[in-house]
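Order-wise, the sequence lines are chains L, P and Z. Take the first sequence: its position 438, counted from the start at 1, is 438 in our numbering, and no numbers get skipped. With the second sequence counted from 1, adding 1000 to any position gets you our numbering. With the third sequence counted from 1, adding 2000 to any position gets you our numbering.
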Amino acid sequence: MFKRTLLFSLLLLLFGAAPALAQEGASSGPSAGDVMFTVNNLWIMLAGMLVFIMHLGFASLESGLTQSKNTVNILFKNSMIICIGILTYALCGFNIMYPGDFNGVLSLAAVPDFITVAKDSADLTAAYNPGYTWYADFFFQAMFAATAATIVSGAVAGRIKLSSFLIFSALFLAISYPITGAWKWGGGWLDGLGFYDFAGSTIVHSVGGWGALVMAALLGPRLGKYKDGKVNAIPGSNMTLAAIGVFLLWFGWFGFNGGSVLSADPALVSLVLVTTSMAAAAGGLTTGLVSWTFDEGPDLSMALNGILAGLVGITAGADQMAVWEAVVIGAVAGALVYFSVIFIDQTLKVDDPVGAISVHLVCGIWGTLAVGLFGDLAGVAQIGYQLAGIAAMGAFTVVFCLIVGGTLKATLGLRVDGREEIKGLDVGEHSMHAYPDFAINGDGYLEESEEATLQEV
Amino acid sequence: MFKRTLLFSLLLLLFGAAPALAQEGASSGPSAGDVMFTVNNLWIMLAGMLVFIMHLGFASLESGLTQSKNTVNILFKNSMIICIGILTYALCGFNIMYPGDFNGVLSLAAVPDFITVAKDSADLTAAYNPGYTWYADFFFQAMFAATAATIVSGAVAGRIKLSSFLIFSALFLAISYPITGAWKWGGGWLDGLGFYDFAGSTIVHSVGGWGALVMAALLGPRLGKYKDGKVNAIPGSNMTLAAIGVFLLWFGWFGFNGGSVLSADPALVSLVLVTTSMAAAAGGLTTGLVSWTFDEGPDLSMALNGILAGLVGITAGADQMAVWEAVVIGAVAGALVYFSVIFIDQTLKVDDPVGAISVHLVCGIWGTLAVGLFGDLAGVAQIGYQLAGIAAMGAFTVVFCLIVGGTLKATLGLRVDGREEIKGLDVGEHSMHAYPDFAINGDGYLEESEEATLQEV
Amino acid sequence: MFKRTLLFSLLLLLFGAAPALAQEGASSGPSAGDVMFTVNNLWIMLAGMLVFIMHLGFASLESGLTQSKNTVNILFKNSMIICIGILTYALCGFNIMYPGDFNGVLSLAAVPDFITVAKDSADLTAAYNPGYTWYADFFFQAMFAATAATIVSGAVAGRIKLSSFLIFSALFLAISYPITGAWKWGGGWLDGLGFYDFAGSTIVHSVGGWGALVMAALLGPRLGKYKDGKVNAIPGSNMTLAAIGVFLLWFGWFGFNGGSVLSADPALVSLVLVTTSMAAAAGGLTTGLVSWTFDEGPDLSMALNGILAGLVGITAGADQMAVWEAVVIGAVAGALVYFSVIFIDQTLKVDDPVGAISVHLVCGIWGTLAVGLFGDLAGVAQIGYQLAGIAAMGAFTVVFCLIVGGTLKATLGLRVDGREEIKGLDVGEHSMHAYPDFAINGDGYLEESEEATLQEV
């Protein structure tokens, strides 16, 4: 941190960087092109940091919307997902997803590149990309990638075996997410077709949502969730945590969507921040009002999911929409998420403790379709491209998850044992309590009703 | 997010943007002016994100300093305020507040503009403003606006009817805040007079504080707060949440004050960050020491409010003060907030569960006056301008809140019913608990003393 | 915030700033050099904000890993440390640490400078430093400084007297940290020798860790921690808080390490963000797996400390390492922290409630040594320089802490009285509870076993 470091690096920059863009004499200072590269790269790095903080948002939301006896398990899962996500994305995900820029679809051959990459190579100048260095690109994309597995995490909370979940996540992040991602963002066939997905309503959210659906269905519901034909609500243990999670996710989404401009372009990034915020606000307000109409008082967890629904909905077309279109997309997403949560919970009887399938799959599909209905690309042909993308990525992801999830189920097992589930995964998997100082209602022993539940299993 | 998007937008920028500022051949890259616009706009967008996170800060602080039986209600209110705030600011607040840049004081005529605004218009270049695009301007200002209603939220916690509060907030944000704001920041009569309020000690904080005072007075105290001539403390339920809230508010204030420079000007923004931090530190330390002197041990909630007091105090003149002046302003605010909390609680007997009136109204007035006492503008005439601004905005806001609050009181009613208040607004308004897994002291039934309280009402 | 402010400041910037770097006609707009200065300064300011939020991270982590009866005390300590840290760093710390830029080692003579510093001086242009203004420099460095005292805070939690701790912190920050820091970052003898510590594995972390070790040893263990030859675990009260803390620390570390580049240099900053993230991920995963192997299920608090271990480990050489080297350094740190926690707890019998000594001292030393083992500087001579720096800073810090801590112990006393410790410092020092609404296990009276513990003391 000593100032000589700076002088050295500035000199390097002033005299060495991006000569192709330089228009002034090399001896007199940086060119405007050098500085624009520095600004663009700064924004992409900041956007990566914002996407990073979404992982805290997901961890908080999931902990808040589930029972306190599974909190340590959830926090451990979410901490490991970001660690595993970054490491596997470095190992192969990044190379699979962006084969054009790298070397080949499976590209394990690229590993040595990663290891030895020279710090003064062209990959660190505007010659790599006018918006960012190779490192900033990786940093931003790796933070993105890990979100897909985190989406699954919420839907399987409270009953999945830790080891099986981590193996699933690693494979999902290392193989499935980057292959479908490459079809569009890697310049693959869906990109050639005309499919549009600005920041990932499908590529990240509905893909994560399909994973959530398959895994939740393979696992089955939590014990006691559906009993004697009744649907029992299992209330979240900590609503302040849930709210903290949603506010952090909204905050992080500024980077998720804003960074997907891939430069600091003032016009586009500022538009994207406004459409993103308008959709979130419209989603939250709509769900709040719908819930106020249909439930016994407005439901906070629904309203929070409404904000997320608006965010997921605008993500595919955040750079394409006028402000009023963003409001409409967000409001529709907010209504959709309300009815979808009820439909999945009560009709499909798929137990999704946090509503991840409704938020990320249903609203991800809606947002992707909305690009064909609103904004600059709207049109019948575009609706077709969007449907093609949704279907293709969905089909691949479902098949992948069925194979991996089914194999795990048949071998290691997907689910913890019933007694462990009722006592909580914190004790069962970690021998810890999340809140040992606090008196927990009915904690520490199997209540009579739980024994009964267990008998029936 | 595919790289072609970037190439396209960069090309657009390189060849199309801000030709008036360009000094090099159009074929060779961006001009330094283009890049400066990009940097300035980036900072304003980031500042808007920081102000956004203040809403999480307010929600955490308010939840932490109040009883756990009202937490769901508080989180719902605060989630809706940001949603409603952004939407109403888009609908009319922005246009009312900045009539010079838009079209007329009431400017509902501007709504179509908002809906159809072309993404490639001059509003998205430095021709709109050298510091930001039209979208970035809206984004930053909308996040600001919503804070004013959030200030009110804390003072009315634990007894206000949800529907009445949301209607009040919407009207306050859509009409009252932008009208008084326009008098200064919209280039109105107070601006012409010489009134100075850099980032809103009065325009945001004392205006929010007046709303808090009027509404808390109209509502009356929480049941059991003042009984048999005694003032009963109702301790906050979660001090970690309160501390999280204050740290997030300080963090967000870097954008609140720093962004109010309206560009990334290195000299001014860095000065503002230092004066802001010094005032916060001096405020927190002073209140901590004062409380240590007068109370049974140093009071954490007082010290946290001392940090906020320092922040509110420096806000009007954060760009005008030397470092030592910021320390003095913060320290005075820290002492003021301590005695003001006690005076309002014990002498005025206005029940303000989080101390919002002391922090935002009292220290907002102090900070606004301080511009006449310290810094580059200090002088007798300036003190007069500052008093005029404080009085005019205060009078308008008080009258507005009395009319709206009084009308609501006479129609929908302002206050929940006594039994609901004692059981908690979470159950009464939302049929939910914030912490259902946790054993709550005296939860789930009316205790004898509560029955007694209820009888007396 | 009125737009004229901006116009004025922009005009100032366009026509007045950094003429030495200007290459275009002064009449036509900013030079590329002006804009680069603006970008660099923006990043340093943002990095300072990120380091600020680490203080919330530390407060959350420490509250989460300790008992709920001491939470108010911890939050008060941590709030005061950042306030005192900023104020003392302004008073003398900054001048002691960077004597070359200022005036002399003890430099209390610099106080008037601080008070009167002119806002339009050369200190606010690139003439001060091409990367930042004087104010941005102070802002970033002050946020850094306060972290050193916060490290100590965790190790002494649950038994230290508040007044003694705050006096210790003020002296540590005002004198000890800046003197050792000056030896390297201030251009002192260790810098001349060849010692390298990019962002402070030693200058911040091991120095804070030595303070933690000395103070924890002087204090002795919490009552009941070591009894009848047995080591009793005292579980942390709130694991979600602990996880929030670690995620915020990782987030803040992007500024801690990334800002230590001291400019927005795209190549260096983006490399640093990647090495920082890879080391954190490798650390967390390694500790998680090691704990899974040796404990009854993977230990969340260990895994969280593993993330921090990786972050501390990479800090000394984050700008020097290839990606694979960052992974190795982080993984070794993750293993080290696991065995170090056990060794210090069970063999040394030094009671460190949060593992601060293992994370910051042990991994700080490891990270500093790693600069001699990996990366561009690796070599036998460099290992020697690194050992010299570790030893010199360690020796000074240990002696300083022994003198200050010993004096406090002999005068004011370091430790609260036994009954107060068992009842909790929240009641004893603050007459408050952190969670008064919640039923706490065994709260509110001395349990029989606690009485027994107290008898033995």
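We treat Cβ as the ideally placed atom computed from N, Cα and C, and that holds for glycine.
For chain Z, is any of its Cβ atoms less than 9 Å away from the one on residue i?
{"i": "P/G1284", "result": "yes"}
{"i": "L/H205", "result": "no"}
{"i": "P/I1342", "result": "no"}
{"i": "L/G428", "result": "yes"}
{"i": "P/S1301", "result": "yes"}
{"i": "P/T1133", "result": "no"}
{"i": "P/A1136", "result": "no"}
{"i": "L/C401", "result": "no"}
{"i": "L/A26", "result": "Confidence is the limiting factor: at L/A26 the pLDDT is only 43, short of 50, which leaves the residue's position unreliable, though a coordinate-based value still follows. False, the Cβ-Cβ gap to chain Z never drops below 9 Å."}
Who are the Cβ neighbours of residue i in its own chain at under 7 Å, not counting the five residues just before and after it?
{"i": "Z/R2159", "result": "L2219, R2222, R2415, V2416, E2421"}
{"i": "P/G1236", "result": "G1064, L1065, T1066, A1242, S1301"}
{"i": "L/G372", "result": "A378, G379, Q382, I383, Q386"}
{"i": "Z/W2366", "result": "G2313, V2332, A2333, L2336"}
Tell me the DSSP bridge mates of residue i?
{"i": "Z/V2231", "result": "Z/Y2226"}
{"i": "L/K415", "result": "Here residue 415 of chain L is Arg; the residue named in the question, Lys, does not match the sequence. DSSP output for L/R415 lists L/I160 as bridge partner(s)."}
{"i": "Z/F2438", "result": "P/I1440"}
Taking only three categories from DSSP, how would you classify residue i?
{"i": "P/G1211", "result": "helix"}
{"i": "P/F1198", "result": "coil"}
{"i": "Z/L2108", "result": "The predicted model places Z/L2108 with a pLDDT of 46, which falls under 50 and marks its position as unreliable, so this point remains unresolved."}
{"i": "P/V1035", "result": "helix"}
{"i": "P/Q1346", "result": "helix"}
{"i": "Z/A2142", "result": "helix"}
{"i": "L/F102", "result": "At L/F102 the pLDDT is 44, less than 50, meaning the model places this residue with poor confidence and gives no usable figure here."}
{"i": "Z/D2319", "result": "coil"}
{"i": "Z/Q2382", "result": "helix"}
{"i": "Z/D2123", "result": "helix"}
Within a Cβ cutoff of 8 Å, which residues of the same chain sit near residue i, ignoring the five residues on either side of it in sequence?
{"i": "L/L412", "result": "K161, S163, S164, I167"}
{"i": "P/A1388", "result": "L1190, L1193, F1195"}
{"i": "Z/G2025", "result": "Interpretation of Z/G2025 is limited by its pLDDT of 40, a score under 50 that renders its predicted location unreliable; the figure taken from the coordinates is listed afterwards. Counting only Cβ-Cβ distances below 8 Å, and skipping sequence neighbours, we find nothing."}
Return no unless some Cβ of chain P is closer than 9 Å to the Cβ of residue i.
{"i": "L/S31", "result": "yes"}
{"i": "L/T240", "result": "yes"}
{"i": "L/A280", "result": "yes"}
{"i": "Z/M2321", "result": "no"}
{"i": "L/T453", "result": "no"}
Would you say residue i reaches chain L, if we count a Cβ-Cβ gap shorter than 9 Å as a contact?
{"i": "P/D1295", "result": "no"}
{"i": "Z/W2189", "result": "no"}
{"i": "P/P1353", "result": "no"}
{"i": "P/A1439", "result": "yes"}
{"i": "P/A1434", "result": "yes"}
{"i": "P/M1080", "result": "yes"}
Ignore the nearest five residues each way along the sequence and tell me which others in residue i's own chain have a CB closer than 6 Å to its CB.
{"i": "L/G255", "result": "A47, L50, V51"}
{"i": "Z/G2355", "result": "N2305, V2341"}
{"i": "Z/T2311", "result": "Just to set this straight, residue 2311 of chain Z is Leu in the shown sequence, not Thr. Closer than 6 Å at Cβ, skipping near neighbours: W2253, A2280."}
Does the region 273-286 of chain L come within contact of the region 1144-1161 of chain P, defined as at least 3 CB pairs closer than 8 Å?
no
Count Cβ pairs between the region 1034-1048 of chain P and the region 1128-1138 of chain P that sit closer than 8 Å; are there 3 or more?
yes
Any chance the region 247-261 of chain L sits against the region 209-216 of chain L, with 3 or more Cβ pairs inside 8 Å?
no
Contact the region 2426-2436 of chain Z vs the region 1285-1303 of chain P: 3+ CB pairs below 8 Å:
yes
Within 8 Å, do at least three Cβ pairs link the region 2170-2180 of chain Z to the region 2395-2406 of chain Z?
yes
Hey, is the region 1262-1271 of chain P in contact with the region 1072-1089 of chain P, meaning 3+ C-beta pairs nearer than 8 Å?
no
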